[in-house]
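First the structure, in the form of structure tokens, and then the observations on it.
2 protein chains.
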Amino acid sequence: MAATIKEVARKANVSIATVSRVLNEDPRVAKETYKRIVHIANQLNYKPNILARNFVKQKSNLVGLILPEIIDEFFTEIIKGVDEVLYRSGYYTIVASSHKYKSLKEELITFINNGLISGLILLAPELNPKLILALKKSSIPIVLINSDPALKGFDKISLDNYNGAFRMTEYLISKREYTYLAHITGPSVNNDSELRKKGFIDACRKYKVKYSIQAGDFSKESGYNCCKKLLSGKNKPGVIFAGNDMMAIGCYDYIQKSGLKIPVDIGVAGFDDIFVSQYLSPSLTTVRINIENIGRHAADTLIQRINNELEVPNVLRLAESELVIRESV
Amino acid sequence: MAATIKEVARKANVSIATVSRVLNEDPRVAKETYKRIVHIANQLNYKPNILARNFVKQKSNLVGLILPEIIDEFFTEIIKGVDEVLYRSGYYTIVASSHKYKSLKEELITFINNGLISGLILLAPELNPKLILALKKSSIPIVLINSDPALKGFDKISLDNYNGAFRMTEYLISKREYTYLAHITGPSVNNDSELRKKGFIDACRKYKVKYSIQAGDFSKESGYNCCKKLLSGKNKPGVIFAGNDMMAIGCYDYIQKSGLKIPVDIGVAGFDDIFVSQYLSPSLTTVRINIENIGRHAADTLIQRINNELEVPNVLRLAESELVIRESV
DNA sequence: CTGTTAGCGCTTTCAG
DNA sequence: CTGAAAGCGCTAACAG
């Protein structure tokens, strides 16, 4: 079927070794021979068999990218960033998202062990000790996208959740002069959520301002319910800072239902700046994470690690956050 | 490093052939031998080397999924659907999106030829003759996600753009009693766009109603500009049916700017039902394509084709559309 | 500068 | 039911 290295060699009256050298741009081959072989290869429409090459090198041109189910909104941007950078280094991206037919764990174990991929990028806002152990034992380089500050010993890209939340809270207090703030958290196992909460609390404490916390789970519904609780007591907060935009939308829903007006009766702020936020009415004041570069950073780091170009034991990069001031507070 | 088949064989006092048979669940091996080998393999933490296996079979467990840059919103759902189905059949998904560093064409050519992948899913709303030719010559099965009715000879999943647009237009005329309708199209090379336009026109003609067409490009900005043109003449349409929701949002922007009210002064309808549409004010009446199954359908078909389980020369599946009636008309 | 050759880990005839 | 052995296409010593 497809032409092999043998045929090219035969037609060019050289050994397969020479052809192989040409393919790998080995400078030792004579210019003349080089040209001739390239010509014949083209003529035969010869393409090196990647499967064979990967096999003999025991190293593939494949990198795995594992994504959890949650972060729909970032999915696209991250994949694009990763793919773009990897492609330029000659790698392909295998994308896997955990879903009902496979757990994150089995996914990981197979990926790390079966030799298919040469490196792995793992986006996992939550990670349990077992998983971490499995990761530590990996024989291939891994780059984590995870915000847990306690997680050491990995190449890591983190979102700057803490500062984002801190600065937003600071803004709400200093500029908007709220004196009683509420925060709705995401799942407590989620590092992003925990750091946002911490940023919120620290800012409230710094300014000695009253605050309360509700436990949500990043879903719209939980935002709705938490908002309901917050507004049903006699002592109502002046502003709700939701742990993500989705929950902020849930707040919008409840607030509208109860006939209140944002931001006059109550303010709402979010985190993430998902696409829809600018179109809500009123448009949502929120924190934007510079997500577009996360995928690129991760891929960059991974490639360097694969190529042994990294001298430091592990790198940590922070994707900065930025306040997006709109009309909801 | 990692245990190989040889070591397992040696420890079990059998030949590597027998071990191989166990790995491939060959029923010929004796139950006893089978168990013993499985046990030893586990003990040695042996994982078959996929790179080697793929190589000798000259067939990988990899499938390519190529996506254009445009369709952000669907990206996620399609990848998930594909990944889910493929994973259950033992395949991995290599995702590639065309971007500034590679054109769709080079992407395709490499993918089809380098032997890395065993099948390809290509989401390409526009396709030129050259590309089609390249696809026809492919030695691996390809499933297209493309709505061009003229495109024959491929396994294909299509969106039911025509009926969606037709029924929406019919609704605008019969139920909402508009008598002068405008349509903003996407790029003319885009099949989805062309079919939506055709559905719109056919419905207008059927009901003998006045209509006009503006050429957009699926971007918000083009929606804005086309809307501006439509509303600046003396004879204004009663409703604008945008070729996608993004352009409908552009219309919203212009209409709000000019102080008009939707739907009292002018109606707006869209196509796609992207996430934001329900949160616009007023919420957008639009056409939803059942996108969630497209990825699954495509993967299903591809797997069957790879396994030679398909008797028909090529399959065509339609992803149906459904009207989503909200407040904007 | 080029050729010879071993071998990567596995599957798959072919014998027995 | 099991073993021996060939070989997939390529790379990488080693030899010349």
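Respectively, the protein sequence lines represent chains A and B. Here our numbering is used: the first residue of the first sequence is 63, the next is one more, and so on. Here our numbering is used: the first residue of the second sequence is 63, the next is one more, and so on. Quick reminder that beta carbons are idealized off the backbone N, C-alpha and C, glycines included. A quick note: this is a predicted structure, and the numbers were derived from the prediction, not measured.
Near chain B, meaning a CB-to-CB distance below 7 Å, the residues of the region 322 to 338 of chain A are Phe337, Val338.
Restricting attention to alpha helix (DSSP H) runs no shorter than 4 residues, the region 93 to 144 of chain B encloses them at 93 to 105, 112 to 119, ordered along the chain. For the C-beta of Phe137 (chain A), the chain B residues within less than 8 Å are, from N- to C-terminus, Phe137, Thr138, Ile141.
Listed along the chain, the chain B residues whose CB falls inside 8 Å of the CB of Val386 (chain A) amount to none; the nearest CB is some 16 Å away. Against Ile156 (chain B), the close residues of chain A are Leu124, Tyr154, Thr155, Ile156, Val157, in the order they occur along the chain (beta-carbon pairs closer than 8 Å).
Two segments are said to touch when three or more pairs of C-beta atoms, one from each, lie closer than 8 Å; by this definition the region 132 to 152 of chain B touches the region 352 to 364 of chain B. At a C-beta separation below 9 Å, Asp145 (chain A) has these neighbours in chain B: Val157, Ala158, Ser159, His161. Between Gly285 (chain B) and chain A, the shortest Cβ-Cβ separation is not below 8 Å. Checking the DSSP bridge columns, you'll see Arg379 (chain B) partnered with B:Ile219. Counting other Cβ atoms within 10 Å of its Cβ, Asp217 (chain B) reaches 16 or more and is therefore classed as buried.
At least one C-beta of chain B is nearer than 8 Å to the C-beta of Asn176 (chain A).
Residue-level contact by beta carbon fails for Leu170 (chain B) and chain A, as no gap is shorter than 8 Å. Here Asn116 (chain B) has Ser122, Asn123 as same chain residues with Cβ atoms under 7 Å from its own Cβ, once five neighbours each way along the sequence are excluded. Around Gln120 (chain A), the beta-carbon contacts reaching into chain B at under 7 Å are Leu113. Taking 8 Å as the upper bound on Cβ-Cβ separation, chain A lies near residues Val338, Tyr341, Leu342, Ser343 of the region 338 to 357 of chain B. Shown here, Gly285 (chain B) sits in a helix according to DSSP, grouped into three states.
In this structure, Asp307 (chain A) lies near Asp334 (chain A), with their beta-carbon atoms less than 8 Å apart.
Nearest CB-CB separation between Phe228 (chain B) and chain A: not below the 8 Å threshold. Arg350 (chain A): member of the beta strand (DSSP E) spanning 348 to 351, first to last residue. By the criterion of at least three beta-carbon pairs nearer than 8 Å, the region 338 to 346 of chain B is not in contact with the region 171 to 185 of chain B. Between the region 213 to 230 of chain A and the region 253 to 269 of chain A, the count of Cβ pairs shorter than 8 Å is three or higher; the stretches touch. Short of 6 Å from the beta carbon of His245 (chain A), and not among the five residues preceding or following it, lie these beta carbons of its own chain, in chain order: Phe262, Ile275, Phe303. When only Cα atoms are considered, Pro191 (chain A) and Leu197 (chain A) end up about 10 Å apart. The beta-carbon of Asn208 (chain A) is placed no less than 8 Å from the nearest beta-carbon of chain B. Think of a sphere of 7 Å around the beta carbon of Phe117 (chain A): the chain B residues whose beta carbon falls inside it are Leu113, Ala114, Phe117, in chain order.
Short of 8 Å from the beta carbon of Tyr154 (chain A), and not among the five residues preceding or following it, lie these beta carbons of its own chain, in chain order: Asn123, Leu124, Val125, Leu148. Note on geometry: alpha-carbon atoms of Ser201 (chain A) and Tyr96 (chain A) lie some 37 Å from one another. When DSSP states are grouped into helix, strand and coil, Ala331 (chain B) belongs to the strand group. Cβ proximity to chain B below 7 Å picks out Lys109 from the region 97 to 109 of chain A. Just measuring C-alpha positions, the residue of B:Ile351, B:Leu385, B:Leu213, B:Leu185 sitting nearest Asn376 (chain B) is B:Leu213. Of the candidates A:Asn253, A:Leu234, A:Leu129, A:Ser236, the residue whose Cα lies closest to the Cα of Glu188 (chain A) is A:Asn253. Beta bridge pairing from DSSP links Glu384 (chain B) with B:Arg350. Per DSSP, the continuous alpha helix (DSSP H) segment holding Ile263 (chain B) begins and ends at 253 to 268. Annotation: Ile112 (chain B) to Thr172 (chain A) spans about 11 Å, alpha carbon to alpha carbon. When DSSP states are grouped into helix, strand and coil, Lys323 (chain A) belongs to the coil group.
At a Cβ-Cβ threshold of 8 Å, Val391 (chain B) and Ala331 (chain B) count as neighbours.
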